[in-house]
Amino acid sequence: QILPVAHTKIHPDQKLGESVQQLLLAKIAVYLMTFLIVTVAWAAHVRLFQVIEFIDDVLALLNLACMMIITFLPYTFSLMASFPEVPFGIFLFSVCAVIIGLIQAVIVAYGFYHPDLLNQQIQVSENQNFYKRHILKIILRGPALCFLAAIFSFFFIPLSYVLLGLVIVFPHLTRFITWCKTKIVGQRDEGDEPHSLETFTFYLSEPLSKERVEAFSDGVYAIVATLLILDICEDNVPDPREVEEKFHGSLLEALSEYGPNYLAYFGSFVTIGLLWFVHHSLFLYVKKATRLMGLLNILSLAFIGGLPLAYQLTSEFAEKSHNEIEAIQVSCVITFFASIFQFAIWTTALLREMETLHPSARYGGKEHAFMFAKLALYPCVSLGAFFLTCLLSEFSTAIFHLMQIVIPFAFLALRIFVRISLTVLKSVMSLSRRKVVLLEEEEACLSPTET
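Taking the working numbering, the leading residue of the sequence shown gets 930, the next gets one more, and so forth.
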């Protein structure tokens, strides 16, 4: 989804401020919206296969057709991003979303027609029609809004974008309305429905498992890292004729002109790798992901997907672009939001630490302090680099590359620093406790004499 944004061509003599307004801003907004819509579709797909646990040849082919349409979505996004005011792009995207929903509905119908493919609890249940309606409601609410967006795209495009935005917020909106009804009306009586029915529908309404969140996140990180090297292969291989004529057959000399591009690639890859490392470390301590933690994780991944754009901007330093400061600031902003949402996941987990975190990482432990330091490193450094480039614009490139070089070493030294800090803190606290004990003993010795 990020490719149309990352491959926006900005001439070195063109001001980035104008480019952001004319080219990048609309594309970034469309990218974020479509990325979040895809995550909603992914969540619905996961729910679908919580109900259908076994796959035969027909279901495998139907799922393959669904995957084919999903892999076509980035092309429709490219049309939307490049021509935001032309209805065909948003129409094609919406139609693809509708087709995906219809295929998933056919999978549900086929699964319930062959009950042996269903979840064991549903197979023995007398309320299969309820389960069928429940999962169809989860699957089809997004495509229904996309169908309306496709219709209105030819009449009033802004309304189509509003409807697509509703696809993202609708699940959260329905939960909020349900919560309000519960607070106003009160809980339903437990005798209204069979216990087994309540248990399974509650399972479908639960947040996605920690393992599914991690698997999806790892996939995003892997794709983003791959996109970086694809850009290197596409744009930084010299033409053989140019090597022969301009550099007299010296490939090494020809490649030296791409030095800043390689530096930008390694810097961007290290950023992605370390953010993945922090994400992995964070979820090692998580027992259960709440719904808010899942939402924050998706927002973090949306900005992770913007890192190829940061690479494209910073790789232009070799061309003496007038946009160095703006490019660095855009990169710092992307990195800041990608990392601050990770920090927000940790903060949210701490609010319900008995439910979400392993005991070793709960508030007050050694691992808690180390995790806090790891999660705070990238937000602090990227924010500091942003403001330093504003104050010291002449050294903006040096500041940016220094940030990229220092952070890996900072991660290596972080555990040592945290351990030393905790040891010093414990020593200070133990000394203060000893003084308190000595004072109490002196008071105890003096008190009989005084009496």
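Heads up, the beta-carbon is just placed ideally off N, CA and C, and yes, glycines get one too.
Below 7 Å CB to CB, which residues in the same chain sit around GLU1323 once its five sequence neighbours on both sides are set aside?
Closer than 7 Å at the Cβ level, and outside the excluded window around GLU1323, lies no residue.
Leaving out five residues before and five after ALA1026 in sequence, what residues of the same chain have Cβ atoms less than 6 Å from its Cβ?
Result list for ALA1026: PRO1072, CYS1075, in chain order.
On the CB-based measure, 16 or more other CB atoms within 10 Å of its CB, does VAL1259 come out buried or exposed?
Around the beta carbon of VAL1259, 16 or more other beta carbons lie within 10 angstroms, which makes this residue buried.
Same chain, Cβ closer than 6 Å to SER1268, neighbours up to 5 away in sequence not counted
Closer than 6 Å at the Cβ level, and outside the excluded window around SER1268, lie TYR1307, PRO1308.
Using only CA atoms, which one of THR1111, LEU1317, LEU1157, THR1277 lies nearest to ALA1239?
Selected option, being the one with the closest Cα: LEU1157.
Could you tell me how far apart the beta carbons of LEU1017 and ALA1079 are, in whole angstroms, since I believe they sit closer than 8 Å?
According to the sequence provided, residue 1017 is Phe. The question's Leu does not apply to it. Contact doesn't hold; Cβ gap of about 10 Å is too wide.
As assigned by DSSP and simplified to three states, the class of VAL1215
In the displayed model, VAL1215 falls within a strand according to three-state DSSP.
Have a look at VAL980 and ASN1048 and give me their C-alpha separation to the nearest angstrom.
If you draw a straight line from the Cα of VAL980 to the Cα of ASN1048, it is about 5 Å long.
With a CB to CB cut of under 8 Å and the five nearest residues on each side skipped, what residues in its chain are close to MET962?
Answer for MET962: TYR1090, LEU1093, GLY1094, ILE1097, listed in chain order.
On the criterion of 16 or more Cβ atoms from any shown chain inside 10 Å, does GLY1148 qualify as buried, or is it exposed?
Exposed, since its Cβ has fewer than 16 Cβ neighbours within 10 Å.
Keeping to the same chain, check which residues put their C-beta closer than 6 Å to that of GLU1119; ignore five residues upstream and five downstream.
Any reading at GLU1119 must be qualified, since the residue scores a pLDDT of 46, below 50, and its modelled position is unreliable; no value is offered.
ARG1281, DSSP secondary structure in three states
ARG1281: coil per DSSP, three-state reduction.
Could you tell me if ASN1058 is buried or exposed, where buried requires 16 or more neighbouring beta carbons within 10 angstroms of its beta carbon?
Exposed.
For the alpha helix (DSSP H) containing SER1089, name the first residue and the last one.
SER1089: member of the alpha helix (DSSP H) spanning 1086 to 1114, first to last residue.
For ALA1193, is the classification buried or exposed, using 16 other Cβ atoms within 10 angstroms of its Cβ as the cut-off for buried?
By the neighbour-count rule (16 or more Cβ atoms within 10 Å), ALA1193 is buried.
Hey, quick one: how far does the alpha helix (DSSP H) through LEU1031 stretch, first residue to last?
Segment 1016 to 1042, the alpha helix (DSSP H) holding LEU1031.
Nearest-angstrom Cβ-Cβ length linking LYS1216 and HIS1287, presumed shorter than 8 Å:
Contact flag correct, Cβ pair sits at about 6 Å.
Only counting the same chain, and skipping five residues up and downstream in sequence, which positions put a Cβ closer than 8 Å to that of ILE1263?
Same-chain partners within the cutoff: PHE1232, GLY1235, LEU1236, LEU1238, ALA1239.
Smallest Cα separation from LEU1159: which of TYR1191, TYR1214, ILE966?
Selected option, being the one with the closest Cα: TYR1191.
At what residues does the alpha helix (DSSP H) containing GLY1223 begin and finish?
Note, GLY1223: alpha helix (DSSP H), 1220 to 1233.
Where does LEU1137 sit, in a helix, a strand or coil, going by DSSP?
DSSP places LEU1137 in coil when its eight states are reduced to three.
Find out if the Cβ-Cβ distance for the pair SER1039, LEU990 is shorter than 8 Å.
First, the residue type needs correcting, since residue 1039 is Tyr and not Ser in the sequence shown. Their beta carbons are not under 8 Å apart, which means TYR1039 does not touch LEU990 by this criterion.
Evaluate MET1283 with the Cβ neighbour count: other Cβ atoms within 10 Å of its Cβ, from every protein chain shown; 16 or more gives buried, anything less gives exposed.
Taking all protein chains in view, the Cβ of MET1283 is surrounded by fewer than 16 other Cβ atoms within 10 Å, so the residue is classified as exposed.
Return helix, strand or coil for GLU1119, following the three-state DSSP convention.
Note that GLU1119 has pLDDT 46, beneath the 50 cutoff, so the model's placement of it is unreliable and no number is given.
Can you give me the Cβ contacts of CYS1261 inside the same chain, cut-off strictly under 6 Å, excluding the 5 residues immediately before and after it?
Counting only residues of its own chain and dropping the five nearest sequence neighbours on each side, CYS1261 has a CB closer than 6 Å to the CB of SER1311, ALA1314, PHE1315.
For ILE984, name the three-state secondary structure that DSSP assigns.
In the structure shown, ILE984 sits in coil (DSSP, three-state: anything other than H, G, I, E or B).
Three-state class that DSSP yields for LEU1321 in the structure shown:
Note: LEU1321 maps to coil in three-state DSSP.
Compute the Euclidean distance between the alpha carbons of ILE1106 and LEU1279, then round it to the nearest angstrom.
Here the alpha carbon of ILE1106 sits roughly 26 Å from the alpha carbon of LEU1279.
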